[in-house]
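A.B. asks:
In my numbering, the protein residues as written are 37 to 145.
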């Protein structure tokens, strides 16, 4: 849970962990009132640095809708690299959407 002045404003977690390949898929949500303050950028950086330095995770993945420009900006600020587009990979509100996939590979392992 992400807190801002003691108030919950978002969530950050690993949606999936592939232990055999030391890969983690990151999921997050941030209340619109807390957006634009680099809160999620800082939270993702802390999360990835900790798990990389502890040599628990080597590769971090973020997938987001191609229309989600705010998430795209977060991935860039956190040093993730664009890997490609997954066609019709996300089903929201009765419609399939393409997703972009981004990765961050740790140098610690």
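Glycine residues also receive a C-beta, built at the ideal position from the N, C-alpha and C atoms.
Taking Cβ to Cβ, would you say residue 80 is nearer than 8 Å to residue 110?
C.D. replies: Yes, the Cβ-Cβ distance between residue 80 and residue 110 is below 8 Å.
A.B. asks: Take residue 41 as the anchor and find which of 61, 75, 65 has the nearest alpha-carbon.
C.D. replies: For residue 41, the nearest C-alpha among the options comes from 75.
A.B. asks: Roughly how many whole angstroms lie between the Cα atoms of residue 39 and residue 84?
C.D. replies: Whole-angstrom Cα-Cα distance: 18 Å.
A.B. asks: Could you tell me which whole alpha helix (DSSP H) segments of length 4 or greater appear in the region 71-133?
C.D. replies: Listed in chain order, they are 75-89, 105-113.
A.B. asks: Any idea what DSSP makes of residue 49, helix, strand or coil?
C.D. replies: Strand, per DSSP.
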